[in-house]
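Protein chains in written order, with this note's numbering: chain Y, 398 to 549; chain B, 398 to 549.
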DNA sequence: GTACATTAAATGTAATTACATTAATATTGC
DNA sequence: GCAATATTAATGTAATTACATTTAATGTAC
């Protein structure tokens with residue numbers, strides 16, 4: 398369905414306006430799918446994002462601010478997300494010896510297990526996107542990169 | 398900057414994975430800009446979305462569930478958003494005579510004034526997106542429409 | 001070394017959101 | 001007409017988020 402039909406709006410003032418609306422709408426649509434997929438595994442998309450970052454570093458530790466830098470939502474409160482994941486024993490947190498302000502975070506076996514369990518589920522969800530060819534997906538990605546070029 | 402640089406991730410498992418990440422990241426980037434733009438006017442992006450919908454109907458009233466259908470985030474609680482905007486006197490709310498479960502919502506003069514005041518500001522913000530040509534913006538929009546084709 | 005600025009993480013709080021439930025009314029099947 | 005079902009909006013609540021502030025430690029200038 399076109400964005401016009403989805404949000405019942407016939408006209409947009411410009412291609413850029415239509416794009417803005419479409420981008421936010423599509424992202425919400427995608428996030429909602431993720432939320433539903435992850436729900437039964439007891440984590441949120443943001444927590445999943447943190448776990449993936451930790452796995453990318455494993456077995457190296459990573460600091461809380463480095464997590465933030467890699468997150469999709471730069472305004473998220475990594476400290477509290479780490480708290481939640483710690484409570485679920487999906488990661489461990491140790492104060493860093495060389496800088497006692499900082500903390501080192503590492504994913505646990507349990508965390509890695511959860512990710513492994515999620516892999517096929519996420520892959521299955523990804524199939525929903527295959528209405529686009531891989532080339533078109535790349536093309537879309539590149540356009541998104543260029544859209545953000547004004548970023549300061 | 399490419400998404401790889403922005404979130405410091407070198408590899409993605411597939412073009413679809415890269416696209417997912419890029420889409421959510423770009424949407425967050427855009428939403429944050431909106432949030433900052435609107436902040437000094439005392440409304441949130443969702444409240445702005447509601448006001449725009451009301452303006453589109455003006456001077457016709459619109460019901461709360463019809464607002465939800467037109468919103469970018471279908472899971473948002475239109476009833477509470479209407480509450481907030483009512484408190485700011487940006488809309489009026491009257492129970493519908495023909496269906497006493499429903500309420501008719503109409504934007505006020507004050508609401509229209511706020512939108513008019515915001516128009517140039519929003520247009521200015523839109524200029525940030527003009528690193529793409531209008532044709533590319535349309536192309537991007539069309540790809541997003543096609544991406545959602547699996548929607549049930 | 002001391003004062004000042006900076007950085008890292010945690011926390012207080014108010015507002016918002018997600019999710020389920022409720023209350024009131026309308027619609028449908030009989 | 002009446003009971004069962006569906007629809008509309010509002011609300012209770014627990015969790016999350018935004019935003020500012022705090023605490024602790026480090027770095028820098030003198």
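Yeah, the Cβ is synthetic: ideal placement off N, Cα and C, and Gly gets one too.
Nothing here was measured: the structure is a model prediction, and the numbers come from that model.
| Item | Value |
| --- | --- |
| N-terminal and C-terminal residue of the beta strand (DSSP E) that residue 419 of chain B is part of | Segment 412-436 is the alpha helix (DSSP H) holding residue 419 of chain B; no beta strand (DSSP E) there. |
| Distance CB(residue 499 of chain B)-CB(residue 460 of chain B) smaller than 7 Å | yes |
| Candidates B:482, B:496, B:532 and B:495: closest to residue 438 of chain B by CA position | B:482 |
| With 16 other Cβ atoms within 10 Å as the buried cut-off, status of residue 510 of chain B | exposed |
| Identified DSSP bridge partners for residue 488 of chain Y | Y:504 |
| Below-7 Å beta-carbon distance, residue 434 of chain B vs any chain Y residue | no |
| Whole-number beta carbon distance between residue 400 of chain Y and residue 428 of chain B, since they are thought to touch under 8 Å | Incorrect: roughly 16 Å between the Cβ atoms, too far for contact. |
| Alpha carbon of residue 472 of chain B to alpha carbon of residue 525 of chain B, nearest angstrom | 28 Å |
| Residue 513 of chain Y at chain B interface by Cβ criterion, 7 Å | no |
| Cβ-based burial, residue 398 of chain Y [other Cβ within 10 Å; buried from 16] | exposed |
| Pick from Y:467, Y:434, Y:433 and Y:430 that is closest to residue 448 of chain Y, judged by C-alpha positions | Y:467 |
| Residues of the stretch 403-426 of chain B with Cβ closer than 8 Å to any Cβ of chain Y, in chain order | 403, 404, 405, 406, 411, 412, 413, 414, 415, 416, 417, 418, 419, 420, 421, 422, 423, 424, 425 and 426 |
| Bridge-paired residues (DSSP) for residue 459 of chain B | B:502 |
| Within 7 Å, strictly: CB atoms of residue 541 of chain Y and residue 419 of chain B | yes |
| Neighbour list for residue 399 of chain B in chain Y, Cβ cutoff strictly below 8 Å | 542 |
| Residues of its chain near residue 444 of chain B, where Cβ-Cβ distance is below 7 Å and the 5 sequence neighbours each way are ignored | 478, 481 and 482 |
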